[in-house]
Amino acid sequence: MCRQLEDLLGEEIVQGVAVVPHGSVQALIDSGKGDLVPRKKFEFLDQGNSHTVHKSSCSAAEYISGIAASLKTGDILITLISGGGSTLVALPKPPLTLEDKMSVVQLMKSHGVAKLEQDLVHKNLSLIKGGGLSEMAAPAKVISVILSDLPHALSAQVSGGLTSTDSSTPQQALEILQKYHLGEKAPKAVIDLLAKDAQEAKSRKLYEVSPNIVFSGPNRRRDTSNTINIVAGTEEIAVRGILQECNELGIPAKNVIQSASNTNTAENGLLLACISQYVTSLLTRRNNSHTESDIVSVELECIKMGMTKTELKEIARISEDAKNAKKPVCLIFNSEVTVHLRGSGKGGPCQETALATAIYLKQRHRQHEALQACDVQLLSIDSDGTDGGTNVAGALANHEQAECIVNGKTAQEYLDNNDSFNFYKHLENGRYHVTTGPTGTDIQNLQILLIRNRSW
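Taking the numbering used here, the leading residue of the sequence shown gets 22, the next gets one more, and so forth.
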């Protein structure tokens with residue numbers, strides 16, 4: 022995005038700053054994508070990994086906040102925002118320290134707090150998020166170009182909504198921490214600040230002055246009337262490209278909408294295995310009472326995990342099309358998935374989803390003839406090419422992987438230690454790892470199921 026802006030505006034750019042994960046610029050160059058790197062108008066703040074808050078997150082936030090605050094009437098601030106920015110820039114509200122913020126981040130990750138819930142807590146502890154950057158830049162105009170890793174309706178909240186109005190409240194942040202039993206584990210300064218803000222908010226009327234100005238807490242006025250937010254890319258664009266490719270290949274395909282978003286990797290793996298069983302049952306359907314009973318049973322299981330009857334009917338329809346054409350079925354998932362940190366291993370949500378799916382497929386494979394009669398493959402990748410801060414985009418998964426002993430450990434042991442990266446690294450010399458190099462684009466994770474009847 023920075024390179025495109027540099028090419029478009031050239032010498033009109035007075036100052037450019039890019040906050041990026043550590044090593045990402047060199048990684049682009051090393052992977053033959055040096056043409057994506059700006060040549061002369063941008064200063065790079067090479068930060069730590071984009072999946073956790075660190076000391077340089079605070080220094081980066083202070084630096085860009087200083088630039089924003091120095092602007093005056095007639096100036097224009099163009100912000101280029103992609104996923105991952107919520108941890109690349111962090112500016113805690115006083116009296117919080119960076120250590121307080123880092124502690125809360127780690128606690129939320131280790132207790133499986135959903136990403137959108139984490140973002141809400143972040144915004145209520147931040148000076149720069151929830152429209153704070155736009156407010157600092159006033160009276161200058163702000164144009165924000167966003168590559169979204171969130172559902173379309175929430176695209177303006179990418180990276181904590183640096184230039185977007187925030188209507189969340191300190192009370193909601195407190196309730197999220199309490200929901201995951203973190204009220205007594207989080208730093209006292211965090212709880213005290215949220216409780217104080219929530220109490221003061223109760224003593225005054227919360228109201229919206231205009232679509233761009235929201236009072237959502239004491240002394241917390243976020244005026245983004247000086248800002249235009251433009252969502253330039255979403256996961257929907259990527260999904261449309263996949264659907265078009267499948268159409269050209271004659272493969273029945275569907276983007277599956279999950280009503281239960283923000284699942285963790287284990288829950289997502291279980292759902293993907295369950296849907297795989299559902300599709301294989303349809304592809305091998307024999308029109309007898311035993312088969313129909315199996316289909317109804319797995320359909321109900323999918324519904325319990327958040328699938329709607331409407332979505333399942335659509336999956337059944339394209340499965341029937343695939344059966345008639347003797348073609349595979351392609352199902353595309355793009356929900357936000359979080360890692361519940363339990364161990365000390367290495368990995369990311371995409372690799373961990375792949376490993377969890379392989380394990381659940383193995384458990385079901387032994388008991389269900391339909392799964393045995395079909396080939397089920399999962400591609401689980403991060404669109405930025407660096408899943409969980411590793412140097413791979415994700416992994417390919419199937420049930421056979423879960424039967425392997427890798428360096429003396431089972432697949433389940435690797436999963437329990439959040440060590441999906443090393444499982445796939447050492448499984449058949451990394452054969453199932455997917456390596457793209459950094460793409461420069463973060464528009465959410467993708468899981469793609471490809472299922473075919475082996476007899477075709």
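Glycine residues also receive a C-beta, built at the ideal position from the N, C-alpha and C atoms.
Your pair PRO459 and LEU137 does not check out as a contact, with CB atoms roughly 25 Å apart and the cut at 8 Å. In the structure shown, GLY31 falls within a helical segment according to DSSP collapsed to helix, strand and coil.
With 16 or more other Cβ atoms inside 10 Å of its own Cβ, HIS454 counts as buried. The criterion of a C-beta distance shorter than 7 Å is satisfied by LEU376 and LEU436. Ranking MET22, GLN422, GLU341, THR186 by CA distance to the CA of THR100 puts MET22 first. Setting aside the 5 residues that flank it on each side, LYS367 is surrounded in the same chain by THR411, ASP440, PHE442, ASN443, each with a C-beta closer than 7 Å to its C-beta; the list follows chain order.
Distance from the Cα of THR456 is smallest, within the candidate group ALA414, ASN419, VAL427, for ALA414. Counting along the chain, no beta strand (DSSP E) covers GLU449, and no H or E run does either. Taking C-beta separations shorter than 6 Å and ignoring five residues to either side along the sequence, the partners of GLN279 in its chain run GLY327, SER356, following chain order. Runs of the alpha helix (DSSP H) lying entirely within the segment 393 to 450, each at least 4 residues long, are 432 to 437, 441 to 447 in chain order. Less than 7 Å separates the beta-carbon of GLY290 from that of THR378. Here SER103 carries a coil assignment [DSSP, helix/strand/coil].
If you draw a straight line from the Cα of GLY87 to the Cα of CYS79, it is about 12 Å long. According to the DSSP secondary-structure assignment, LYS162 is paired through a beta bridge with ILE97.
Between ARG306 and the set SER340, THR284, THR286, PRO273, the nearest pair of CA atoms involves SER340. Counting of Cβ neighbours within 10 angstroms places HIS386 among the buried residues, the total reaching 16 or more. Beyond the five residues adjoining it in sequence on each side, CYS267 comes within less than 6 Å, by CB distance, of ALA274, CYS351 in the same chain, given in chain order.
Here GLY181 is not near LYS217, since their CB atoms are 7 Å or more apart. Residue state for GLY366 is assigned as coil, using DSSP reduced to three classes.
Here the C-alpha atom of GLU322 lies approximately 20 Å from the C-alpha atom of VAL358. Rounded to whole angstroms, the separation of the alpha carbons of SER476 and GLN388 is 19 Å. Taking 7 Å as the cut-off, the Cβ atoms of ILE272 and ILE353 do not count as close. For THR248 against VAL163, the beta-carbon gap comes to about 4 Å, under 8 Å, which counts as contact. ARG261: member of the alpha helix (DSSP H) spanning 256 to 270, first to last residue. Take PRO191, set aside five residues on each side of it, and the residues of its chain with a beta-carbon closer than 7 Å to its own are ASN145, LEU215, ASP218, ALA219, ALA222, GLY238, in chain order. Judged by beta-carbon spacing, ILE149 lies within the 7 Å limit of ALA82, meaning their Cβ atoms are closer than that value.
Secondary structure of GLU221 (DSSP, three-state): helix. Contact between the segment 245 to 261 and the segment 458 to 474 is present: three or more C-beta pairs spanning the two stretches fall below 8 Å.
Nearest to GLU27 by C-alpha distance, out of LYS446, LEU57, ALA90, ASP51, is LEU57. Residue environment analysis places VAL317 among the exposed positions, since fewer than 16 neighbouring C-beta atoms fall within 10 angstroms of its C-beta.
Between ILE472 and VAL397, the C-beta gap is smaller than 7 Å, which places the two residues in contact. Restricting attention to alpha helix (DSSP H) runs no shorter than 4 residues, the segment 59 to 86 encloses none. Cβ-Cβ distances below 6 Å link TYR381 to GLY290, LEU291, ALA294 in the same chain, with the five nearest sequence neighbours on each side left out; the list follows chain order. A Cβ-Cβ distance of about 7 Å is found for the pair PHE63 and VAL38, placing them in contact under the 8 Å criterion.
The residues THR286, ASN289, GLY290, VAL358, SER401, GLN468, in chain order, have a CB closer than 7 Å to that of THR374 in the same chain once the five nearest residues on each side in sequence are set aside. Rounded to the nearest whole angstrom, the CA to CA distance from GLN265 to ALA159 is 43 Å.
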